[in-house]
Amino acid sequence: MWWGRYPGHGPFSYLPPWERPGWVYGRGVCWWYPYGYPAYRTKEEEIAALKDEQRDLQARLREIEERLKELEG
């Protein structure tokens, strides 16, 4: 059953038909857009990123331990 202002159940059903991407740019245009997936990292880039994250986490852990020592006395 249709309850909206314009017919259809798709992602652009809130728009009138003449403003939908398929009407403006042609049929199926939304399926042709490339996806914005990030490129895969190389093994070396992944290792470097993980080491950076490990270093940051260790620094944060030291800060937490120091704060706990302050609070405990």
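Sequential numbering of the sequence shown, starting at 16, is according to the working numbering.
Each residue gets a CB set at the ideal place from its N, CA and C atoms; glycine is no exception.
This one's a predicted model, so the numbers in the text were calculated from it and none came from an experiment.
Per-residue burial, arginine 35 [other beta carbons within 10 Å of its own, 16 or more giving buried]: Arginine 35 is buried by the Cβ-count criterion.
Secondary structure of glycine 54, DSSP reduced to three states: Residue 54 is actually alanine in this sequence, not glycine. Under the three-state reduction of DSSP, alanine 54 is assigned to coil, being neither helix nor strand.
What's the C-alpha gap between lysine 84 and glutamine 69? Distance between the alpha carbons of lysine 84 and glutamine 69: 23 Å.
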